[in-house]
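The structure appears below as structure tokens.
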Amino acid sequence: MGKLIYNSSPRELDIDDRTLAHLRVAILGKLRRGESFAMTWDHGLDHGSGRTTLWLHPAIPLQFVFSGNRPPRLNRLWIQQLMLQANTAAGLQPVPEPDHDEPFEDGE
């Protein structure tokens, strides 16, 4: 289980490494272009229900911490869907992984 850590907030978002790797590519793609956007996730019943929305901005520190040492093969279709989500008024919301497309090499 990896973590997304935003700014100096004590709140860390626990995300499985595979999902986190795909979110990383989508988020960094947007921030690399200087684009700000919202990201929302559900806490789930394990964490008291509810949801959180962050405003992601290129100037605010962001960390992706992976528990595993081997990066997964990335699904290009999933990354595209996440990017499309980030471009909506609702902002980026994790979506389930679609059937595998061609692997996407992230350069890691």
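Residue numbers (the UniProt record's numbering): 1 to 108. Beta carbons are placed, not taken as given, at the ideal position from N, Cα and C, and that holds for glycine. Only a predicted model underlies this, so the values are computations on that prediction, with no experimental measurement involved.
Asked: Contacts around Glu108, its chain only, beta-carbon distance under 8 Å, and the 5 residues preceding and following it disregarded; Found: With a pLDDT of 46 at Glu108, under the threshold of 50, the predicted position of this residue should be treated as unreliable, though the coordinate-derived value follows. The residues are Pro71.
Asked: Ala26 (DSSP reduced to helix, strand or coil); Found: helix
Asked: Reference Leu28, options Ile79, Ala90, Thr88, closest by Cα; Found: Ile79
Asked: For Met39, three-class secondary structure by DSSP; Found: strand
Asked: Bridge-paired residues (DSSP) for Arg51; Found: Asp42
Asked: Neighbourhood of Gly91 by C-beta, 8 Å cutoff - its chain only, sequence neighbours within 5 removed; Found: Phe37, Ala38, Met39, Thr40, Thr53, Gln85
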